[in-house]
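Under the numbering used here, the first residue of the sequence shown carries the number 5, and numbering increases by one thereafter.
No residue lacks a Cβ here, since even glycine has one placed at the ideal position from N, Cα and C.
Computed from a predicted model, the values in this text were never measured in an experiment.
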Amino acid sequence: GTGNPYFTTDTAAVLRAHEMRAEILFKATQVDGVSDKDPLVHDDAVMFHELSYMRILEKQLHVMDMTAISLAMEHDLPIQVLNLHNADNIYKAATGGEIGTRIYNKLKYL
5 GTGNPYFTTD TAAVLRAHEM RAEILFKATQ VDGVSDKDPL VHDDAVMFHE
55 LSYMRILEKQ LHVMDMTAIS LAMEHDLPIQ VLNLHNADNI YKAATGGEIG
105 TRIYNKLKYL
């Protein structure tokens with residue numbers, strides 16, 4: 005646990021990232037990025053390379069709990085979802101490489 009009752013580890017991570025004034029939050033997980041359905045169950049799952057917070061909320065994509073996504077959106081904290089099991093992924097993400105799925109407020113960057 006995180007020591008915060010009623011908070012998931014995802015929400016706690018977003019909260020801590022905001023408190024630290026992090027520029028981005030990396031979510032290392034079991035899959036390559038955010039998909040339209042669970043890629044571990046569905047072979048035809050389609051992965052997104054970038055998404056807005058609102059798109060995740062509208063489509064109820066299961067990347068993080070909705071509180072974590074809402075909190076990241078409120079504080080304009082980008083999230084990079086990547087596969088933990090690929091050895092170079094964290095390095096690629098930290099150095100700006102295209103890896104996984106980037107979640108951010110697209111309107112800010114248009």
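Nearest-angstrom Cβ-Cβ length linking residue i and residue j, presumed shorter than 8 Å
i, j, result
"residue 85", "residue 38", "5 Å"
"residue 57", "residue 107", "6 Å"
"residue 30", "residue 91", "About 15 Å separates the two Cβ atoms, so there is no contact after all."
Helix, strand or coil at residue i [DSSP, three-state]
i, result
"residue 31", "strand"
"residue 102", "coil"
"residue 57", "helix"
"residue 108", "strand"
"residue 24", "coil"
C-beta neighbour in chain B for residue i, strict 8 Å
i, result
"residue 104", "Looking at the structure shown, chain B is missing, and only one protein chain is on hand."
Start-to-end residues for the beta strand (DSSP E) that takes in residue i
i, result
"residue 85", "83-87"
Residues near residue i by beta carbon distance below 6 Å, same chain, minus five either side
i, result
"residue 43", "35, 49"
"residue 71", "15"
"residue 75", "18"
"residue 68", "14"
"residue 82", "28, 108"
Unbroken alpha helix (DSSP H) run spanning residue i, endpoints
i, result
"residue 65", "Looking at the DSSP string, residue 65 is not in any alpha helix (DSSP H), and its letter there is neither H nor E."
"residue 4", "Nothing can be reported for residue 4: it is not among the residues displayed for the chain, which extend from 5 to 114."
Residues near residue i in its chain [Cβ-Cβ closer than 8 Å; skip 5 each side]
i, result
"residue 87", "32, 33, 34, 35, 36, 37, 93, 104"
"residue 114", "Model confidence at residue 114 stands at a pLDDT of 42, short of 50, so the residue's coordinates are unreliable; what they give is reported in the following sentence. Nothing listed; no residue qualifies."
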